[in-house]
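Reading through the structure tokens given below for one structure.
In the UniProt record's numbering, the protein residues as written are 1 to 421.
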């Protein structure tokens, strides 16, 4: 796709097709942008990096962990990709492994065992969100209460409230009251290797009491964590500004796990990649529409599907519900207007949303929120799935314009099973 331009009530789409000498133009009544969130790497520029004599690469270029063997490895960024790369380096013979974070992170495993259901399959979204008043949703009462219990659980089982078995890397503005606005890091294989080094400095009784989640000492190697911003690159090191003062980290290989840019060059006109760079060396993101981050009020036939980021959950089911919402929007069949209490205000990501709140906001407008009493009388298993399970899309296909018999069976069998494990 070369260009998308509005032409009256339709859209002209210019295409470059392989084997054809010129562009082809097609006219469509509506266009959905579904280009994904991992297209253009976000590559910041740092002072002195031109003089760096080691290997510098973005995580999108990383393919083989053997490049880490015998090397001092530094990973910039502590998202899920950063943890995956750090774990690979620590288990493939790196001389040393260091992760760096500017703002901290919240580490929570995706599941508490191979035979256990994924965490985001057992979060009780329907039971908590359906009954909330507008005031409770607006102030985040649900998260204000549950976050305290969650952090208490972390403390009792792993000895820390930062995250699950997370003894360092505290999110810089994380309190007992805050939980909803942070997107958790569910790639936790590296966490024991990070925590292990910190635990060695703790009293013996703490190490003994909360050692259940730790792997064997012989597995992998300790992973260091630097909490601060990159100041400059040296020939074979990277200098950081930290709260404790300047720190130099040896580095032969530096991996930038710094994420991706959100760009729509075929819609949003702008300068080239270099010309659009901001002060930190990264280009600015292109904006998403105002209505649930799907469409703008004056352009309802141009939709952006699959670009919101959930705090806990996955993008694909949100994209499916977005598509359902847009279909109803195009036919002027939305049942009501739901407020956007799902926004993670104060989050580093402007398009971060609370998964459960967001799914129910769209479902309310579609008219697809199931009736618990209806299913309790008709098929109790489905009522249990709705009341105690995650906000999966089949739940929103039980009733409303997209209802189907297949969704009933999915809710009664496949989605019911994790609740019994």
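Ideal Cβ positions, reconstructed from N, Cα and C, are used throughout, including at glycine.
Cβ separation of residue i and residue j, assumed to be a contact under 8 Å, to the nearest whole Å
{"i": "residue 74", "j": "residue 249", "result": "6 Å"}
{"i": "residue 50", "j": "residue 236", "result": "Not really, about 14 Å apart at Cβ, beyond 8 Å."}
{"i": "residue 240", "j": "residue 371", "result": "With 8 Å as the limit, residue 240 and residue 371 do not qualify as a contact, their Cβ atoms being about 55 Å apart."}
{"i": "residue 33", "j": "residue 12", "result": "With 8 Å as the limit, residue 33 and residue 12 do not qualify as a contact, their Cβ atoms being about 15 Å apart."}
{"i": "residue 59", "j": "residue 188", "result": "About 18 Å; that fails the 8 Å criterion."}
{"i": "residue 254", "j": "residue 238", "result": "7 Å"}
{"i": "residue 317", "j": "residue 369", "result": "Not really, about 15 Å apart at Cβ, beyond 8 Å."}
{"i": "residue 183", "j": "residue 309", "result": "6 Å"}
For residue j and residue i, the rounded distance between their alpha carbons
{"i": "residue 39", "j": "residue 373", "result": "45 Å"}
{"i": "residue 70", "j": "residue 256", "result": "19 Å"}
{"i": "residue 315", "j": "residue 307", "result": "8 Å"}
{"i": "residue 421", "j": "residue 105", "result": "29 Å"}
{"i": "residue 41", "j": "residue 258", "result": "8 Å"}
{"i": "residue 10", "j": "residue 81", "result": "40 Å"}
{"i": "residue 313", "j": "residue 408", "result": "22 Å"}
{"i": "residue 21", "j": "residue 111", "result": "52 Å"}
{"i": "residue 162", "j": "residue 185", "result": "12 Å"}
{"i": "residue 294", "j": "residue 139", "result": "24 Å"}
{"i": "residue 242", "j": "residue 200", "result": "22 Å"}
{"i": "residue 289", "j": "residue 375", "result": "36 Å"}
{"i": "residue 234", "j": "residue 45", "result": "14 Å"}
{"i": "residue 18", "j": "residue 36", "result": "22 Å"}
{"i": "residue 280", "j": "residue 76", "result": "Because residue 280 carries a pLDDT of 48, less than 50, the predicted location of this residue cannot be relied on, and no value is offered for it."}
{"i": "residue 344", "j": "residue 355", "result": "10 Å"}
{"i": "residue 261", "j": "residue 63", "result": "21 Å"}
Reduced DSSP secondary structure (H/G/I, E/B, other) of residue i
{"i": "residue 342", "result": "coil"}
{"i": "residue 290", "result": "coil"}
{"i": "residue 255", "result": "strand"}
{"i": "residue 446", "result": "What the structure shows of the chain is the stretch from 1 to 421, and residue 446 is not part of that stretch, so it cannot be assessed."}
{"i": "residue 305", "result": "coil"}
{"i": "residue 245", "result": "strand"}
{"i": "residue 364", "result": "helix"}
{"i": "residue 261", "result": "strand"}
{"i": "residue 357", "result": "helix"}
{"i": "residue 5", "result": "strand"}
{"i": "residue 393", "result": "helix"}
{"i": "residue 337", "result": "coil"}
{"i": "residue 408", "result": "helix"}
- Task: Evaluate contact between the segment 336-346 and the segment 378-388, counting only Cβ atoms and requiring at least three cross-stretch pairs below 8 Å.
- Result: no
- Query: With a cut-off of 8 Å, do at least 3 Cβ pairs link the segment 395-411 to the segment 322-334?
  - Reply: yes
- Message: Suppose only complete runs of 3+ residues qualify. What are the beta strand (DSSP E) ranges in the segment 188-252, listed by chain order?
- Response: 224-233, 237-242 and 245-250
- Query: Going along the chain, which unbroken runs of the alpha helix (DSSP H) with 4 or more residues stay wholly within the segment 68-113?
  - Reply: 80-90
- Task: Take every Cβ of the segment 16-26, pair it with every Cβ of the segment 208-216, and state whether three or more of those distances are shorter than 8 Å.
- Result: no
- Query: When the Cβ atoms of the segment 88-96 are set against those of the segment 113-121, are three or more pairs found closer than 8 Å?
  - Reply: no
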